[in-house]
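This report concerns only the one structure given below.
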Amino acid sequence: MNKTFSALLLGATLLAGCKSSQSLTQLPPLPTFDTEGHRGARGLLAENSIPAMRKAIDLGVTTIEMDCHITKDGQVVVTHDPHINPLYARTPDGQDIPKEDAKKYVVYQMTYDQVKAFELGTKPYSNFPQQQRVKTYIPRLADLIDSVQTYLKTTGKPQVFYNIEVKSKIAGDNKLHPASEEFVKAMMQVIEKKGIAPYVIIQSFDLRPLQILHKKYPHMRTSFLVDNKKTVAENLAELGFTPVVYSPSAKLVTAELVKQCHDRGIKVVPWTVNTAEEIARIKALGVDGIISDYPNLFFQQ
146 MNKTFSALLL GATLLAGCKS SQSLTQLPPL PTFDTEGHRG ARGLLAENSI
196 PAMRKAIDLG VTTIEMDCHI TKDGQVVVTH DPHINPLYAR TPDGQDIPKE
246 DAKKYVVYQM TYDQVKAFEL GTKPYSNFPQ QQRVKTYIPR LADLIDSVQT
296 YLKTTGKPQV FYNIEVKSKI AGDNKLHPAS EEFVKAMMQV IEKKGIAPYV
346 IIQSFDLRPL QILHKKYPHM RTSFLVDNKK TVAENLAELG FTPVVYSPSA
396 KLVTAELVKQ CHDRGIKVVP WTVNTAEEIA RIKALGVDGI ISDYPNLFFQ
446 Q
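Numbering-wise (the working numbering), the sequence shown opens with residue 146 and increments by one.
Right under this line is the structure:
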């Protein structure tokens with residue numbers, strides 16, 4: 146573990162039990178320009194997998210981005226979809242999942258052992274033809290963190306940030322995921338147990354988990370994911386507080402949107418920008434970071 150991270154962990158330990166006194170100003174600063182590997186490095190390896198996170202780190206990103214769901218037995222797992230996705234996953238015996246079974250395997254209705262048995266990384270994914278074939282699985286958030294922190298230590302690479310999405314919406318409560326209070330609590334238990342809170346940003350399209358975090362975990366940084374045509378002011382009014390990051394779809398980004406966020410002290414980190422030309426165009430608008438499926442493109446500018 147590098148010295149900077151060790152010092153931060155010591156500080157976090159000293160503040161344990163008095164979270165209310167811990168403020169965002171005591172956290173390590175976010176990168177000057179945040180290069181984020183979307184779902185690790187989805188364009189290059191199976192999304193949300195440990196190999197994808199390591200690939201992004203090897204490429205030099207400042208942040209690894211990922212999504213979380215909860216299993217039937219309460220394990221926080223790193224996966225985007227509420228169901229095992231037949232586009233890129235296979236059954237435990239290596240067979241393709243039939244299209245008619247696309248929504249058959251609900252993560253929230255399976256134990257983690259059942260979820261982990263599905264195969265990732267071996268099926269060609271037409272949306273991402275550059276993906277390498279590396280057999281892997283859906284990891285628990287706790288195991289992914291352990292793997293990443295060990296990898297950083299053994300390779301001597303700098304500490305990365307974790308941008309972790311709560312994958313929830315009202316219609317999915319208690320069907321595809323637990324209600325927001327339980328979801329947030331489960332995630333925070335892992336994050337705090339692993340001691341990485343100073344390096345975590347929690348994002349969501351769902352207002353509710355962000356509002357819970359703001360109220361119960363005010364020391365945590367939040368990012369508001371946006372994919373609508375409302376103004377910055379309208380979206381923030383619905384959220385009810387000022388997040389650290391405003392994360393719009395790249396198609397929504399304008400110089401005016403960036404200015405409106407910066408005038409409020411909010412960073413702008415759009416998603417998902419997947420060509421070198423588009424990265425250069427969006428960056429020129431003054432954003433504070435970019436999320437890409439192809440983190441290798443950040444370093445070809």
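The beta-carbon is built from N, C-alpha and C at its ideal position, and this holds for glycine as well.
Three-state class that DSSP yields for residue 393 in the structure shown: strand
Quick check on DSSP: helix, strand or coil for residue 270? coil
Expressed to the nearest angstrom, what Euclidean distance is found between the alpha-carbon atoms of residue 375 and residue 301? 44 Å
Proximity test, residue 344 beta-carbon vs the ligand GTP heavy atom, cut-off 7 Å: Questions concerning the ligand GTP fall outside what the structure shown contains, since it holds no ligand whatsoever.
Whether or not the region 434-442 and the region 185-195 are in contact is what I'm after, with contact meaning three or more pairs of Cβ atoms, one per stretch, closer than 8 Å; do they touch? yes
Are there 16 or more other CB atoms within 10 angstroms of the CB of residue 258, so buried, or fewer, so exposed? exposed
Beta-carbon within less than 7 Å of residue 365's beta-carbon, same chain only, minus the 5 sequence neighbours each way: which residues are those? 342, 345, 347 and 358
Which of helix, strand or coil DSSP assigns to residue 386: coil
If I measure Cβ to Cβ from residue 204 and keep anything under 6 Å in the same chain, skipping five residues before and after, which residues do I get? 440 and 441
Cα separation between residue 328 and residue 314? 11 Å
Find the nearest neighbour of residue 225 within the set 239, 256, 330 and 185, judged by alpha-carbon distance. 185
State the Cα-Cα distance for the pair residue 405 and residue 411, rounded to the nearest angstrom. 9 Å
Tell me whether residue 181 sits in a helix, a strand or coil according to DSSP, three-state version. strand
Go through the region 246-326 residue by residue and report every complete run of the beta strand (DSSP E) that reaches 3 residues or more, in order. 306-311
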